[in-house]
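Working notes for the structure below.
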Amino acid sequence: MSNFDNNPRNPSSAPRKFPYTLNRRWEVVDKLNSGGMGTVYMARDLNLSTLSNQKKQCVVKELKDDHLNCGSDKEMAQEFFLREVHVLADLDHQNIVRVLDQFREDDKYYLVMEYVEGQNLHEMLMKRGEPFDEKTVIKWAITICNVLKYLHTHNPPVIYRDLKPSNIMINTNDQVKLVDFGIARPFESEEDNTQVVSQGYSPPEQYWGHATTRSDIYALGATMHFLLTGQDPLALTVSEPKKLNSAISDHINEIVMRATQQEASARYPGAEYIKNDLEYVPPEPPSTKGKPLVVVLSSIAAIGMFLGGLIVLGKLQDQQETRTQEVKSIHELRLDEREKKLAEQEKKLKQIQKLISEEMTSTKDGGTTPNATQDASNDDSGESTIPRELTDEAALTDTALN
Ligand SMILES: Nc1ncnc2c1ncn2[C@@H]1O[C@H](COP(=O)(O)OP(=O)(O)OP(=O)(O)O)[C@@H](O)[C@H]1O
Ligand SMILES: [Mg+2]
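Every letter in the sequence shown is one number past the one before it in numbering that gives the first Met the number 0, and letter 148, counting from 1, is 147.
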């Protein structure tokens with residue numbers, strides 16, 4: 000370490016020349032980024048002299064000087080910084096940045112971490128200048144759900160408290176890494192009064208210092224809003240990304256809305272619940288394009304078509320209803336209820352088919368028996384088109400519903 004580096008008279012605010020060494024091990028080579036609490040530097044581990052430069056790479060986060068200059072703020076900043084060190088040191092997850100060292104030198108606090116080669120999600124969106132597509136956001140959000148589940152089920156549970164795009168990095172292997180555990184802390188009690196918020200991303204209860212695991216769910220919803228719209232969510236508001244980006248599906252819009260409810264009890268109860276909804280792919284309503292036109296040969300056929308159409312419409316509406324329920328509470332979906340509904344629809348359809356057969360039988364001069372009409376439905380002749388169309392339509396709808 001050079002004299003210059005160690006000189007206590009060196010004013011703490013003066014920039015230092017690169018490279019310089021910290022704690023006799025970490026060679027700081029460049030400035031990487033700067034946040035509200037700290038400055039992040041690129042560094043090298045001098046202990047790993049035999050390894051390639053790339054393998055020696057790491058990051059040194061220095062607690063900002065301005066936090067250290069005034070009484071209670073200084074103490075709070077130091078407390079948060081030390082807490083980050085302790086929280087991180089206790090965690091081991093592939094999507095959480097690994098901590099390598101922590102120390103205090105020349106009245107400054109440092110944290111050494113694994114280097115994440117990549118960008119944070121805020122930078123990424125700003126650079127591309129447009130929101131991310133839904134599929135990509137869902138993929139990242141599912142990974143974050145896994146991390147939140149890990150944190151929330153840790154012993155003791157850890158509340159991240161600062162989930163937002165600038166604290167989520169995507170490395171060059173497209174892997175998510177959470178950085179910045181500055182205000183994360185083990186959950187002690189709901190009366191734990193730490194009031195640190197990120198405007199737009201923190202839920203109402205965090206303003207009163209009552210963060211719980213559901214506060215992280217809110218922040219995830221708010222983060223999704225930013226990624227899907229390119230705009231920060233409004234503070235203390237239920238996020239509705241579809242209002243800003245009409246390309247967003249109702250399914251995702253409702254997930255974000257549920258996650259960002261102002262009342263914590265109205266949000267998803269845990270990360271696994273939002274993950275379930277994110278993984279769910281709502282069925283596409285069956286397309287009516289390209290269906291052959293029915294040649295209406297008689298008034299009975301017209302009635303039959305009309306009735307058949309009503310049934311199909313009813314089925315589509317039921318399907319739509321089911322989809323909405325699933326979005327609201329997919330994990331509570333009871334499959335047997337759905338099957339019951341389908342069976343009822345089947346019954347109705349059969350009744351209609353029977354009705355049409357009977358009508359046809361009575362219209363055609365008494366020589367045609369009901370059985371003969373049913374057989375004729377499998378025939379390719381013009382007369383048999385009507386019942387067959389109805390059967391085909393019912394089959395098509397059933398396939399889509401299944
Ligand atoms: N391990 C790392 N590897 C690479 N870049 C990192 C790493 N840690 C942080 N960064 C970058 O530095 C930025 C600031 O880091 P960090 O969020 O930890 O600082 P902060 O001052 O606590 O931020 P905040 O403004 O949220 O308080 C991050 O947004 C990220 O881009
Ligand atoms: Mg940060």
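Glycine included, C-beta positions come from ideal geometry on N, C-alpha and C.
Excluding five sequence neighbours on each side, which residues of the same chain lie with their C-beta closer than 6 angstroms to the C-beta of residue i?
| i | result |
| --- | --- |
| Q56 | Y114 |
| G117 | M168, I169, N170, T171 |
| L235 | P203 |
| L50 | none |
| L277 | I137, A140, I141 |
Return helix, strand or coil for residue i, following the three-state DSSP convention.
| i | result |
| --- | --- |
| Q260 | coil |
| G37 | strand |
| I355 | helix |
| E239 | coil |
| D374 | With a pLDDT of 41 at D374, under the threshold of 50, the modelled position of that residue is not reliable, and the figure given next carries that caveat. Here D374 sits in helix by DSSP. |
| I137 | helix |
| Q205 | helix |
| D161 | coil |
| E61 | strand |
| N32 | strand |
| I247 | coil |
| A42 | strand |
| Q198 | coil |
| Q93 | coil |
| E26 | strand |
| H85 | helix |
From what residue to what residue does the alpha helix (DSSP H) around residue i run?
| i | result |
| --- | --- |
| I273 | 270-278 |
| Q174 | Run containing Q174: none; DSSP gives neither H nor E here. |
| T222 | 212-228 |
| K54 | 52-55 |
Beta-carbon within less than 7 angstroms of residue i's beta-carbon, same chain only, minus the 5 sequence neighbours each way: which residues are those?
| i | result |
| --- | --- |
| D397 | With a pLDDT of only 42 at D397, under the threshold of 50, the placement of this residue in the model should not be trusted; the figure read from the coordinates follows. If we look at D397 and ignore the five residues flanking it on each side, it has no Cβ neighbours. |
Tell me which residue opens and which closes the beta strand (DSSP E) that residue i is part of.
| i | result |
| --- | --- |
| T20 | 19-21 |
| F102 | 98-104 |
| Y109 | 107-113 |
| N119 | 117-119 |
Would you mind giving the Cβ-Cβ distance between residue i and residue j, rounded to the nearest angstrom? I have them listed as a contact below 8 angstroms.
| i | j | result |
| --- | --- | --- |
| P164 | T222 | 6 angstroms |
| E26 | R43 | 5 angstroms |
| F80 | Y108 | 5 angstroms |
| I216 | A265 | Actually they do not touch by this definition, with Cβ atoms about 11 angstroms apart. |
Can you list, in chain order, the residues of its chain whose CB lies under 8 angstroms from that of residue i, leaving out five sequence neighbours each side?
| i | result |
| --- | --- |
| I254 | G220, M223, I273, D276, L277, V326 |
Check: Who's in the neighbourhood of ligand 2, going by beta-carbon under 6 angstroms from any heavy atom, listed in chain order?
Finding: Taken from the N-terminal end onward, the list reads G34, S165, N166, D179.
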